[in-house]
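In the working numbering, the protein residues as written are 5 to 483.
We put the beta carbon where it would ideally sit given N, CA and C, even for glycine.
What follows is a set of notes on a single structure, which appears directly below.
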């Protein structure tokens, strides 16, 4: 059974829109138990026009709605679509509704499984109302006020036959919620300790690290806090790669992204869109017979978002033959075509490349074990901060569990005390008790453990319902 995990956010043609998309995915607390059964899909999968409703070979979604992040091919028939949720975010909920609608329309999905509820969710009091415009207005209001979710919005406004089912184990959900509420009480004191640790580490870093290494660490912090744009940070890493003799691998997403930025600055997008319209007009007037019929079918598939922009442009370029876009007198279209091609190369895998490039640069810059250890402490501290902010990514969660023994107060203190003396730093910790980290971490770990159990139950129950109903497609929406 194939499983596709998608993110519910928009992606436009412009790079600025793409940045919003990728950063959103990067900050999401990710899939279930952190296992590696589902491999990342760094490259975009070519869109295709399904020959049958249940042809799942190249399942994709329109780029304006989101991005397929992972694919996993199982051994039993059927398709599970996992949509990552962003709670109480109106725009994300609208995208979720649109993604679900796409799978209803194109792949016959009839049911949606959601977290935070148990049993069938009754929406028919509103969705059965005969006045469609009134339903839409009511759904818009409820969504704006965060009173309903994206799946409920779709059921009320458009798809009254959609089945919404809560997949939670009520007891486990209540336990997870209880641990979360308890964590809100003690996380403030832990954050105070972590804030002080960061202050001391940064004071030390300015003196221990070389200027180049300290700049890299500060740029990385600015990027992760989203005060530094992806384009600026990628450009910075690329320039450093040139200085250190580090080459980019074939198909590098960083290189493609920087190329995308360059093309964006050189393209007149309005003129390019006019040239596309003019090309379509000329082709529709010059083709005949089977060629015209195929052209019309491809154009219809593109407009209905069953064919990607890149695949459609490839098709148009093929019709022009050797003359290409330039031979037709188009100035912006060749650049626009390359812009679209580069855009298709970029996915969330760009962040793995960035992490790898950061590590490569650090290996070039490290001069001592003190620098290596201090950098390690910055890494542990960053994950500590995200743990108490409920914001771990999949990679960070994996690092935490693999290096659990390092996540304790003494990891910092055993390094800092002699270093403070060695470099003659004056750092007063005041009344802060670092032992609270050791006391509170197991408590907040319980939150993640329960969340992972909930994830497994959500998927398991969704599969049980899918098999019992005989449906070929089911959708799971969870954070």
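*What does DSSP give as the partner residues of residue 477 in its beta bridges?*
One-based indexing of the chain shown puts residue 477 at position 473. Bridge partners of residue 477: 83.
*For residue 137, three-class secondary structure by DSSP*: Here residue 137 refers to the residue found at position 133 of the chain shown. Reduced to three states, the DSSP call for residue 137 is helix.
*Can you tell me the Cα-Cα spacing of residue 358 and residue 126, whole angstroms?*
In the chain shown, the residue the question calls residue 358 occupies position 354. In the chain shown, the residue the question calls residue 126 occupies position 122. Near 45 Å, if we compare the C-alpha coordinates of residue 126 and residue 358.
*What does a CB cutoff of less than 8 Å around residue 55 pick up in its chain, not counting 5 residues either side in sequence?*
On the chain shown, residue 55 is found 51 positions in, with the first residue counted as 1. Confidence in residue 55 is poor, its pLDDT being 37 and thus under 50, which makes the residue's placement unreliable; the coordinate value appears in the next sentence. Hits under 8 Å: none found.
*Compute the distance between the beta-carbons of residue 484 and residue 261, then report whether it is under 7 Å.*
The first residue shown for the chain is 5 and the last is 483, placing residue 484 beyond what the model contains.
*Taking only the alpha-carbon atoms, compute the straight-line gap between residue 135 and residue 197 and give it to the nearest angstrom.*
Numbered from 1 along the chain shown, position 131 holds the residue referred to as residue 135. Numbered from 1 along the chain shown, position 193 holds the residue referred to as residue 197. Roughly 57 Å between the two C-alpha positions.
*Tell me, which residues are paired with residue 186 by DSSP?*
Position 182 of the chain shown, counting from 1, holds the residue named residue 186. For residue 186, which the question treats as bridged, DSSP gives no partner whatsoever.
*Starting from the C-beta of residue 124, find all residues in its chain whose C-beta is less than 6 Å away, skip the five residues before and the five after it, and write them out in chain order.*
Here the question's residue 124 lines up with position 120 in the chain shown. Once the five neighbours on either side are set aside, the close Cβ partners of residue 124 are 169.
*asked:* At 3 residues or longer, what runs of the beta strand (DSSP E) sit wholly inside the region 352 to 438?
replied: none
*Test item: CB-CB of residue 287 and residue 311 under 7 Å*: Locating residue 287 in the chain shown gives position 283, where the first residue counts as 1. Locating residue 311 in the chain shown gives position 307, where the first residue counts as 1. Result no, Cβ atoms of residue 287 and residue 311 do not sit closer than 7 Å.
*Can you tell me the Cα-Cα spacing of residue 478 and residue 234, whole angstroms?*
In the chain shown, residue 478 corresponds to position 474, counting from 1. In the chain shown, residue 234 corresponds to position 230, counting from 1. Approximately 35 Å, taken between the alpha carbons.
*Give the DSSP-derived three-state secondary structure of residue 124 in the structure shown.*
Residue 124 sits at position 120 when you count from the first residue of the chain shown. Residue 124 falls in the strand class under three-state DSSP.
*If you count every other CB in all the chains shown that lies within 10 Å of the CB of residue 300, and 16 or more means buried, which is it?*
Your numbering for residue 300 matches position 296 in the chain shown. Answer is exposed; the Cβ neighbour count stays below 16.
*Assign residue 77 to buried or exposed, taking buried as 16 or more other Cβ atoms, counted over all protein chains shown, within 10 Å of its Cβ.*
Within the chain shown, residue 77 is the residue found at index 73, counting from 1. Residue 77 should be labelled exposed.
*asked:* Quick check: the Cα distance between residue 166 and residue 128, rounded to an integer number of angstroms?
replied: In the chain shown, residue 166 corresponds to position 162, counting from 1. In the chain shown, residue 128 corresponds to position 124, counting from 1. Rounded to whole angstroms, residue 166 to residue 128 spans 10 Å at the Cα level.
*What did DSSP end up calling residue 130 once you bin it into helix, strand or coil?*
Within the chain shown, the letter at position 126 stands for residue 130. If DSSP states are grouped into helix, strand and coil, residue 130 belongs with the helices.
*How is the alpha helix (DSSP H) around residue 235 delimited, first residue to last?*
Along the chain shown, read from residue 1 onward, the residue named residue 235 stands at position 231. Run containing residue 235: 234 to 248, per the alpha helix (DSSP H) assignment.
*Report yes or no: do three or more beta-carbon pairs, one from the region 344 to 352 and one from the region 246 to 264, lie closer than 8 Å?*
yes
_In this structure, how does DSSP classify residue 71 when only helix, strand and coil are distinguished?_
As a position in the chain shown, residue 71 is number 67, starting the count at 1. DSSP places residue 71 in strand when its eight states are reduced to three.
*Under the assumption that residue 183 contacts residue 441 (Cβ atoms under 8 Å), give the Cβ distance between them as a whole number of angstroms.*
Numbered from its first residue, the chain shown carries residue 183 at position 179. Numbered from its first residue, the chain shown carries residue 441 at position 437. The pair is not a contact, with the Cβ atoms about 17 Å apart (cut-off 8 Å).
_Top-ranked residue by Cα proximity to residue 465, from 172, 254 and 223_ = As a working note, residue 465 is residue 461 in the chain shown. Looking at the Cα atoms, 172 is the closest of the given residues.
*Continuous alpha helix (DSSP H) stretch holding residue 290: start and end*: For the purposes of this step, residue 290 is identified with residue 286 of the chain shown, where counting begins at 1. Taken as a continuous stretch (DSSP letters only), the alpha helix (DSSP H) holding residue 290 covers 273 to 290.
*How long is the line joining the alpha carbons of residue 84 and residue 356, rounded to whole angstroms?*
If you number the chain shown from 1, residue 84 lands on position 80. If you number the chain shown from 1, residue 356 lands on position 352. Straight-line Cα distance between these residues: approximately 26 Å.
*Could you tell me which residues DSSP puts in a beta bridge with residue 167?*
Here residue 167 corresponds to residue number 163 of the chain shown, with the count starting at 1. BP columns for residue 167 point to 115.
*So, are the CB atoms of residue 154 and residue 470 less than 7 Å apart?*
Sequence index remark: in the chain shown, residue 154 carries index 150 (1-based). Sequence index remark: in the chain shown, residue 470 carries index 466 (1-based). Their beta carbons are not under 7 Å apart, which means residue 154 does not touch residue 470 by this criterion.
_At the level of alpha carbons, what is the spacing between residue 108 and residue 177?_
As a first step, residue 108 must be located in the chain shown, where it is residue number 104. As a first step, residue 177 must be located in the chain shown, where it is residue number 173. Using only the alpha carbons, I get a separation of about 29 Å.
*Can you check DSSP and say which residues form a bridge with residue 230?*
Taking the chain shown and counting its residues from 1, the one referred to as residue 230 is at position 226. Answer is none; residue 230 lacks a bridge partner.
*Throw me the rounded Cβ distance for the residue 119 and residue 482 pair, which I believe falls under 8 Å.*
Against the chain shown, residue 119 aligns to sequence position 115. Against the chain shown, residue 482 aligns to sequence position 478. Right, their Cβ atoms sit about 4 Å apart.
*Please determine, among 110, 203 and 100, the residue with the shortest C-alpha to C-alpha distance to residue 116.*
Numbered from its first residue, the chain shown carries residue 116 at position 112. Per the Cα distances, 100.
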